[in-house]
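Comments concern the structure below.
Numbering (full-length UniProt numbering), first residue to last: 1 to 89.
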């Protein structure tokens, strides 16, 4: 990859339009490379996880119902709320 041109340090207001365009092109290319590196690192991690058959806690899907087995279903909630309203009257 082409290295960023070495110009004397100038503020953006002092740079010519051509210098600003060169800097923008360089920064866009650098950003694209960094994004691709991140994408490749994530893909490598996914492949290793899949290969090992292990997944991290953040990747495991645990149904909400499994975490709270005593949580009433929607129908039970309606019945409970109706009973609560009647008790408050």
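Heads up, the beta-carbon is just placed ideally off N, CA and C, and yes, glycines get one too. Computed from a predicted model, the values in this text were never measured in an experiment.
On the three-state DSSP scale, how would you describe residue i?
i: residue 14; result: coil
i: residue 9; result: coil
Just confirm the distance between the C-beta atoms of residue i and residue j, as a whole number of angstroms; I'd bet it's less than 8 Å.
i: residue 104; j: residue 20; result: Only positions 1 to 89 of the chain appear in the structure, and residue 104 is not among them; the question remains open.
Out of curiosity, what's the CA-to-CA distance linking residue i and residue j?
i: residue 66; j: residue 32; result: Interpretation of residue 66 is limited by its pLDDT of 49, a score under 50 that renders its predicted location unreliable; the figure taken from the coordinates is listed afterwards. Cα to Cα, the separation comes out at about 42 Å.
i: residue 18; j: residue 24; result: 10 Å
i: residue 38; j: residue 27; result: 16 Å
i: residue 53; j: residue 9; result: 52 Å
i: residue 22; j: residue 50; result: 42 Å
i: residue 15; j: residue 36; result: 30 Å
i: residue 34; j: residue 40; result: 10 Å
i: residue 29; j: residue 42; result: 20 Å
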